[in-house]
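**Q** Before I ask anything, here is the structure I am working with.
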């Protein structure tokens, strides 16, 4: 199988990896104020164009631990634009408790794992 064919395989799970977007960095600067938002827009656009299944952000999404309202609003606006839609989820997460060595009948300490 050629690499081009592998990318179109329905059994291929495509992941886009991005790091340290730091939304809001220098947002009050007249020249560079929108740079981080343009970067996030580009990342999300590329993910959509390449029909990726998963975006993994390894690092900080925001520059500040309490981002400004403008930063939060723009972030949510971009996520709605690129991530919300009618495209169905094409994968399942399967958890095998026997492999995780959880005694039968006991709950895992993480509530999302059952």
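In full-length UniProt numbering, the protein residues as written are 1 to 114.
A virtual CB, placed ideally from N, CA and C, is assigned to each residue, including glycine.
Since this is a predicted model, take the numbers as computed values, not measurements.
Quick one: grab the DSSP three-state call for residue 14.
**A** Numbered from 1 along the chain shown, position 14 holds the residue referred to as residue 14. DSSP places residue 14 in coil when its eight states are reduced to three.
**Q** Using 9 Å as the threshold, is the C-beta distance between residue 43 and residue 15 below it?
**A** Position 43 of the chain shown, counting from 1, holds the residue named residue 43. Position 15 of the chain shown, counting from 1, holds the residue named residue 15. Contact flag unset, no.
**Q** Less than 9 Å separating the beta-carbons of residue 37 and residue 75?
**A** Here the question's residue 37 lines up with position 37 in the chain shown. Here the question's residue 75 lines up with position 75 in the chain shown. Yes, these two residues count as a Cβ contact at 9 Å.
**Q** Buried or exposed: where does residue 27 fall if 16 or more other Cβ atoms within 10 Å of its Cβ makes it buried?
**A** Translated into positions along the chain shown, residue 27 becomes position 27. So residue 27 ends up on the buried side.
**Q** Looking at the structure shown, is residue 57 part of a helix, part of a strand, or coil, going by DSSP?
**A** Taking the chain shown and counting its residues from 1, the one referred to as residue 57 is at position 57. Three-state DSSP puts residue 57 in a strand.
**Q** Leaving aside the five residues before and after residue 63 along the sequence, list all residues of the same chain whose C-beta is less than 7 Å from its C-beta, in chain order.
**A** The residue you call residue 63 lines up with position 63 of the chain shown. So the list reads 22, 23, 24, 25, once near-sequence residues are dropped.
**Q** Would you mind sorting residue 71 into buried or exposed? The rule is 16 or more other CB atoms within 10 Å of its CB.
**A** Residue numbering aside, residue 71 sits at position 71 when the chain shown is read from its first letter. Flag for residue 71 reads buried.
**Q** Under a Cβ-count criterion, where at least 16 other Cβ atoms within 10 Å of its own Cβ denotes burial, should residue 11 be classed as buried or exposed?
**A** The residue labelled residue 11 in the question sits at position 11 within the chain shown. It is exposed - the Cβ of residue 11 has fewer than 16 other Cβ atoms within 10 Å.
**Q** Going straight from the alpha carbon of residue 34 to that of residue 58, what length do you get?
**A** By 1-based counting over the chain shown, the position of residue 34 is 34. By 1-based counting over the chain shown, the position of residue 58 is 58. Straight-line Cα distance between these residues: approximately 21 Å.
**Q** Name the DSSP beta bridge partners of residue 23, please?
**A** For this step, residue 23 is matched to residue 23 along the chain shown. DSSP output for residue 23 lists 62 as bridge partner(s).
**Q** DSSP three-state call for residue 92: helix, strand or coil?
**A** As a working mapping, residue 92 is identified with position 92 in the chain shown. The answer is coil: DSSP assigns residue 92 none of H, G, I, E or B.
**Q** For residue 81 and residue 92, what's the separation of their Cα atoms in angstroms?
**A** Taking the chain shown and counting its residues from 1, one reaches residue 81 at position 81. Taking the chain shown and counting its residues from 1, one reaches residue 92 at position 92. Each residue's Cα considered, the two are about 24 Å apart.
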